[in-house]
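S.K.: I have a structure here, written as structure tokens, and I will follow up with some questions on it.
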């Protein structure tokens with residue numbers, strides 16, 4: 001432990017590993033010098049760029065000759081201000097540790113460096129991690145050090161320029177200020193004398209010989225730090241002969257940098273301490289960008305492409321930042337959204353640079369146009385069969401460049417979230433991606449590509465002159481085939497066919513006059529989240545977009561939750577589209593069949609194809625959106641008990657039953673849902689919000705159990721089928737239970753769970769479901785409670801209770817829609833209209849909504865686009881239309 005002083009707390013005052021998940025603005029950050037492009041060797045720059053992206057990084061260095069220039073008087077060796085600024089800023093970063101390992105005594109190192117407590121200091125060539133270390137030395141070591149000192153004193157007596165430095169476990173002989181002949185004479189006497197003793201470790205440095213009574217060196221010290229901090233990689237910088245021990249202990253992704261001349265085991269070299277400071281500054285810049293996101297485009301400003309087989313996200317400047325393959329719930333091919341450029345992207349921009357003039361969806365389609373002066377990029381997802389691909393439709397991302405200017409295209413696929421290296425092979429009219437599990441190719445007629453080795457994996461770059469190409473260039477990323485042959489239909493024909501399909505569907509909808517354009521865009525988005533091959537719906541297009549910037553509330557929503565999917569299907573049924581709901585119910589029936597006759601064993605979520613999820617995992621190599629980690633794949637909620645799931649499914653069957661005769665499969669599924677409720681409604685569960693805490697009797701779950709039975713009874717009554725008597729009894733029993741036990745006298749309203757007074761927006765369903773009449777005082781009181789405790793400006797929070805996770809989250813758009821509906825049902829139309837307009841204003845420029853909204857930063861949060869948000873918008877618009885005065 002370093003000796004505490006007024007300016008320097010002890011090492012033990014800090015945690016074993018630096019923590020914190022948000023950028024830190026420390027003193028001196030603006031002083032960090034950025035090196036000019038030619039100041040450091042390109043290979044060193046590339047190595048630093050790579051090592052800066054490891055999950056846990058240890059940066060260690062020597063002091064004299066590395067942080068501080070060598071001076072004649074060692075007591076005046078001050079670190080360069082630029083180096084100190086970089087060290088301080090690096091130490092403040094999360095998942096980053098900084099250490100100085102010096103030959104100096106630890107007490108002197110602390111006094112000279114005056115570095116903050118976030119920096120680990122190790123003295124005496126790695127033997128001093130703690131200022132109390134000398135007191136712990138065995139008695140025989142202390143006696144040996146005293147004997148060693150006496151002998152060395154005799155050797156250096158009357159030798160001008162020679163200085164002895166006594167350290168806790170060693171004695172150093174400095175010869176820097178002595179004449180050469182004197183220095184040589186003293187060093188020889190030391191070598192033939194005490195340096196030859198059996199229990200003495202000798203370390204030779206620049207004009208210094210150190211004799212230690214214990215066996216250690218900088219390499220072992222580095223190993224100790226690496227183990228204690230669980231570092232994924234180490235960067236070590238040093239100038240001295242003693243630093244070679246540290247270089248010798250580097251391996252794998254580690255980076256060693258020698259400062260100054262001389263033979264070395266380090267892979268790289270810089271000239272002097274100022275270059276070392278510049279290197280640290282570059283490392284700081286690169287790691288900070290990786291940790292906190294290089295661009296962090298606001299979540300709501302991303303637009304979604306879709307074709308019923310896959311989805312992709314596009315930034316406002318036409319950068320494909322998210323695309324998974326072969327399914328939307330598979331690993332990402334482009335994960336720039338969560339990992340920056342190294343995680344994969346497909347970028348098109350004018351050669352001259354500049355921001356776009358605008359971006360929009362083409363009307364009634366999922367085609368996106370991004371416009372600059374002289375350049376328009378038109379993007380759509382198509383799955384027309386590709387010539388030479390054996391008729392396999394696969395998926396194709398088509399990007400058409402049009403205009404008269406020059407454009408830069410960068411193509412950097414990174415399969416498996418960037419964890420698989422690929423090669424790009426020019427072939428025919430494009431590029432073939434080699435090394436990926438799935439075949440893929442980029443059709444790019446007439447384009448001359450530069451293939452760049454980007455740290456062991458390939459990227460491609462091209463500058464295209466649209467005027468020379470006749471004003472248009474189609475680029476087709478073909479997923480599922482390696483063909484680079486021309487398609488039987490040109491890009492314009494395929495765009496027309498794709499847009500006609502979306503237009504025909506949009507024209508079939510029964511849209512309200514209220515917020516007509518927003519409802520249409522929401523409907524198109526919901527259908528875009530439909531996975532046509534199986535009938536399942538994604539809850540959202542992405543994983544791990546944070547509910548709090550820099551926080552850990554980052555979940556994978558690319559799967560099919562029966563609850564979310566049923567609510568989505570219901571929204572589309574309400575707009576007049578039944579195909580998706582019918583396909584979903586067929587998906588549900590297949591899933592129920594796999595339970596072996598036990599529908600009560602339904603999981604809360606499944607893969608899009610209806611199979612069970614694997615375990616939740618973390619991708620350590622991705623920094624997350626704006627530094628929000630971890631990046632998760634899978635979802636541990638899969639193993640929870642969520643008894644509310646049956647209600648939305650029953651409600652969807654009932655909604656379809658109102659517009660057509662129920663199919664036999666519908667009746668079978670409805671009976672399955674009631675059977676599941678009958679078996680388990682009385683149990684506690686984890687609830688709608690999937691809290692990672694012990695199960696409780698959640699009010700919303702009980703209401704949904706009641707709703708399941710109610711909708712089954714109403715469906716049978718409507719279709720003049722005999723209602724089982726036990727269903728009527730079950731409905732009444734559940735109603736009595738939740739109405740009695742869900743009410744909180746302390747809150748004066750229905751609350752989150754039995755015997756818990758905390759408010760919860762989901763408690764509004766006590767009235768929205770029809771369980772209580774709209775004018776019931778208990779429902780009115782619950783609406784007021786939610787409004788008072790959970791509404792903040794244009795948004796409504798889910799709850800305020802402790803859910804067992806650190807941090808906070810934004811307001812939930814779906815909850816906002818519930819409060820809008822509650823306002824309408826309780827006669828507060830003006831309030832409903834006002835909040836609805838505020839909700840609409842939270843959408844991004846192309847009309848998409850993520851999961852949440854932060855009223856303080858006025859930014860969207862959570863996965864995007866979110867089905868919940870858009871189905872809530874659709875429901876509110878329809879209700880506002882139906883209940884118009």
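Numbering (UniProt numbering), first residue to last: 1 to 885.
Glycine included, each C-beta is placed from N, C-alpha and C at the ideal position.
#1: Thinking just about the alpha-carbon of each residue, which of 695, 667, 705 and 757 is nearest to the one in residue 716?
#2: Measuring CB atoms only, is the stretch 345 to 356 touching the stretch 313 to 332, in the sense that at least three cross pairs come out at less than 8 Å?
#3: Rounded to whole angstroms, how far is the Cβ of residue 886 from the Cβ of residue 584, which I believe are closer than 8 Å?
#4: Please tell me whether residue 126 and residue 101 are closer than 8 Å, where the distance is taken between their beta carbons.
#5: Please report the residue range of the alpha helix (DSSP H) in which residue 542 lies.
#6: Pick from 648, 166, 593 and 172: whose alpha carbon is nearest that of residue 701?
#7: Taking 8 Å as the threshold, find out whether the stretch 615 to 634 comes into contact with the stretch 694 to 709 through three or more Cβ pairs.
#8: Return yes when the Cβ of residue 564 is within less than 8 Å of the Cβ of residue 868, no when it is not.
#9: Relative to the alpha-carbon of residue 754, which residue among 738, 748, 766 and 607 has its alpha-carbon at the smallest distance?
#10: Just to confirm my understanding: we take residue 930, look at its own chain, exclude 5 residues before and 5 after, and list those with CB closer than 6 Å. What are they?
#11: Taking buried to mean at least 16 other C-beta atoms within 10 Å of its own C-beta, is residue 806 buried or exposed?
#12: Alpha carbon to alpha carbon, how far is residue 56 from residue 230? Give it in angstroms, no decimals.
#13: Work out the CA separation of residue 460 and residue 413 for me, nearest whole Å.
#14: Can you confirm whether the stretch 632 to 648 touches the stretch 547 to 563 when touching is taken to mean that 3 or more C-beta pairs between the two stretches lie within less than 8 Å?
#15: What is the rounded straight-line gap between the Cα of residue 740 and the Cα of residue 478?
#16: Does DSSP put residue 780 in a helix, a strand or coil?
#17: Give every residue of the same chain whose Cβ lies closer than 6 Å to the Cβ of residue 276, excluding the five residues on either side of it in the sequence, and list them in chain order.
#18: Closest to residue 858 by C-alpha separation, out of 83, 823 and 810, would be which residue?
#19: So residue 640 and residue 686 are supposed to be a Cβ contact under 8 Å. How far apart are they, rounded?
#20: Among the residues of its own chain, which have a CB less than 7 Å from the CB of residue 338, if the five just before and after it don't count?
#21: So, using beta-carbon positions, are residue 77 and residue 68 closer together than 8 Å?
#22: Going by DSSP, what residues sit across from residue 812 in a beta bridge?
#23: So, helix, strand or coil for residue 215, using DSSP?
#24: Of all the options 818, 43 and 688, which has the alpha carbon lying nearest to the alpha carbon of residue 791?
#25: Across the stretch 581 to 596 and the stretch 242 to 260, are there enough close Cβ pairs to call them in contact, namely three or more that are closer than 8 Å?
#26: By DSSP's criteria, residue 410 is part of a beta bridge. Which residues make up the other side?
#27: So within the stretch 485 to 510, which uninterrupted alpha helix (DSSP H) runs reach at least 4 residues, ignoring any that extend past its ends?
#28: Taking buried to mean at least 16 other C-beta atoms within 10 Å of its own C-beta, is residue 378 buried or exposed?
#29: When you compare the CB positions of residue 99 and residue 284, do they come within less than 8 Å of one another, or not?
#30: Taking the alpha helix (DSSP H) that residue 659 falls in, what are its first and last residues?
#31: Comparing alpha-carbon positions, which option in 84, 94, 324 and 708 lies nearest residue 674?
#32: Rounding to the nearest angstrom, what Cα-Cα distance links residue 58 and residue 493 in this structure?
#33: Could you work out which residue in 81, 235, 188 and 611 is closest to residue 60 when comparing CA atoms only?
#34: Grab me the residues of residue 8's own chain with a C-beta within less than 6 Å of its C-beta, minus the 5 sequence neighbours each way, in chain order.
#35: Is the number of C-beta pairs between the stretch 151 to 161 and the stretch 179 to 197 that are closer than 8 Å three or more?
#36: To the nearest angstrom, how far is the alpha carbon of residue 454 from that of residue 568?
M.R.: On the basis of the data shown:
#1: 667
#2: yes
#3: With the chain covering 1 to 885 only, the question about residue 886 has no answer from this structure.
#4: yes
#5: Here residue 542 belongs to no alpha helix (DSSP H), and DSSP marks it neither H nor E.
#6: 648
#7: no
#8: yes
#9: 738
#10: Only positions 1 to 885 of the chain appear in the structure, and residue 930 is not among them; the question remains open.
#11: exposed
#12: 7 Å
#13: 9 Å
#14: yes
#15: 59 Å
#16: helix
#17: 66, 237, 259 and 270
#18: 810
#19: 4 Å
#20: 544, 622, 624, 625 and 631
#21: yes
#22: 852
#23: coil
#24: 818
#25: no
#26: 347 and 461
#27: 491 to 507
#28: buried
#29: no
#30: 646 to 659
#31: 708
#32: 55 Å
#33: 235
#34: Below a pLDDT of 50, predicted positions are generally treated as unreliable, and residue 8, at 30, falls in that range; no measurement from the model is reported.
#35: yes
#36: 42 Å
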